[in-house]
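Beneath this line is the structure, given in structure tokens, with notes to follow.
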Amino acid sequence: MSTTATVDRFASIAFPLPPCGDESRAFHVEWPVRLGDTDVEARLRLDAMARYLQDVGYDHLQAVEEGDLHQGWIVRRTVIDVLEPIGFGDRVHLRRWPSALSNRWCNMRIQVRGENGGLVESEMFLIHVDLEAGRPARMSDRFMAPMLAATTEHRLRWRAALAERTDAEGECWRFPLRVTDVDRYGHVNNAVHWEAIEEALARFPRTSPYRVILEHAGPVMAGDDVLIRTWPDDTALHIQLEVSGGVRTLARIESLDPS
1 MSTTATVDRF ASIAFPLPPC GDESRAFHVE WPVRLGDTDV EARLRLDAMA RYLQDVGYDH
61 LQAVEEGDLH QGWIVRRTVI DVLEPIGFGD RVHLRRWPSA LSNRWCNMRI QVRGENGGLV
121 ESEMFLIHVD LEAGRPARMS DRFMAPMLAA TTEHRLRWRA ALAERTDAEG ECWRFPLRVT
181 DVDRYGHVNN AVHWEAIEEA LARFPRTSPY RVILEHAGPV MAGDDVLIRT WPDDTALHIQ
241 LEVSGGVRTL ARIESLDPS
């Protein structure tokens, strides 16, 4: 894999994702890949990976000052680069660190490395929210202090990487929701959106290395009638989750150059 940074020609997201400048600042946890995380080919699924990214985030909050005061987060975008597949029975090491921030949101990098050679690099754009007010909220100075010390970009702004497609030529099918898909905030959990990505990949398979970019344009709620719409082409697979004719989730899967 080339180590020279290039820019995704569609999304303006750098590849490779930014490395950790100081490994001592990265939060580290590890656990085994269990049966429920994998598919029929023993591959670690993307929805399980999304849960890993959520879980390590909340574990990280327990290890930082005033983490208990910052329990509300919304995922706006996730980038997952599957560089080498991770499989059932492997033990994964997750390292998490900030790559950029403002005072209400941040980019958090998470590396997932398997002891058997698997490697996934990811980045999440996270918005800190006041759970009572239901709106973005400023992070405290004490909470931000180690993040500011670890990063050089302190004026992070949101910029969408994906655009809605309005042509109706894409293949479309229903994505039924279950009662267990709804999290404590009343939304369909972020990992469930990645289950829809797995549904699309089952119809249009991709081999690693590949990149998935997923952005949330709006919430999916319990009881919504959700449709998956896909547009495969020579370079990428475009995916949208739609509710009542409106787009809720945008995703793009593109092969990466292994050179």
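Per full-length UniProt numbering, residue 1 is the first one in the sequence shown, and the count goes up by one each step. Using N, Cα and C, we set each Cβ at its ideal position, and we do this for glycine too. Note that the structure is predicted; figures quoted are calculated from it, not measured.
Query: Taking DSSP as the reference, what is the three-state secondary structure of ARG142?; Result: helix
Query: Please state the DSSP three-state secondary structure of ALA168.; Result: coil
Query: Contact check, VAL247 vs ALA202 under 8 Å by CB: the rounded distance?; Result: Not a contact, Cβ separation roughly 22 Å.
Query: State the DSSP-derived secondary structure class of ILE13, mapped to helix, strand or coil.; Result: coil
Query: So, GLN71 versus LEU126, is the Cβ gap smaller than 8 Å?; Result: no
Query: When the distance is taken between beta carbons, is SER122 closer than 8 Å to THR78?; Result: yes
Query: In chain order, what residues of the same chain have a beta carbon less than 8 Å from the beta carbon of TRP105, not counting five sequence neighbours either side?; Result: ARG76, PHE125, LEU126, ILE127, HIS128, PRO136, LEU156, TRP158
Query: Could you check if LEU250 is buried or exposed, using at least 16 other CB atoms within 10 Å of its CB as the buried criterion?; Result: buried
Query: Hey, ARG142 and GLU242 are a contact pair by Cβ (cut 8 Å); roughly how many whole angstroms apart?; Result: That pair is no contact at about 42 Å.
Query: Do ILE86 and GLY36 have their CB atoms nearer than 8 Å?; Result: no
Query: Is GLY114 buried or exposed, if buried means 16 or more other CB atoms sit within 10 Å of its CB?; Result: buried
Query: Could you say which of CYS172, TRP173, HIS193, ARG174 lies nearest to VAL182 if we only look at CA atoms?; Result: HIS193
Query: For PRO98, count neighbouring Cβ atoms within 10 angstroms of its own Cβ and tell me buried if that reaches 16, exposed if not.; Result: buried
Query: If we ignore side chains and look at the alpha-carbon of each, how far apart do GLU169 and TRP231 end up?; Result: 8 Å
Query: Given that a residue counts as buried once 16 or more other Cβ atoms are within 10 Å of its Cβ, and exposed if not, what is HIS154?; Result: exposed
Query: Classify LEU177 as helix, strand or coil using the three-state DSSP reduction.; Result: coil
Query: Count the other CB atoms, across all protein chains shown, that sit within 10 Å of the CB of HIS238; report buried if there are 16 or more and exposed otherwise.; Result: buried
Query: Under the DSSP definition of a beta bridge, which residues are partnered with ILE127?; Result: ILE74, TRP105
Query: If you draw a straight line from the alpha carbon of LEU69 to that of HIS60, how long is it in whole angstroms?; Result: 13 Å
Query: Which one or two residues does DSSP pair with PRO32 in a beta bridge?; Result: ARG91
Query: If you draw a straight line from the alpha carbon of GLY245 to that of ALA149, how long is it in whole angstroms?; Result: 44 Å
Query: Mark ASP234 as exposed unless 16 or more other C-beta atoms lie within 10 angstroms of its C-beta, in which case mark it buried.; Result: exposed
Query: One question on the structure: do VAL82 and VAL120 come within less than 8 Å of each other, judged by their Cβ atoms?; Result: yes
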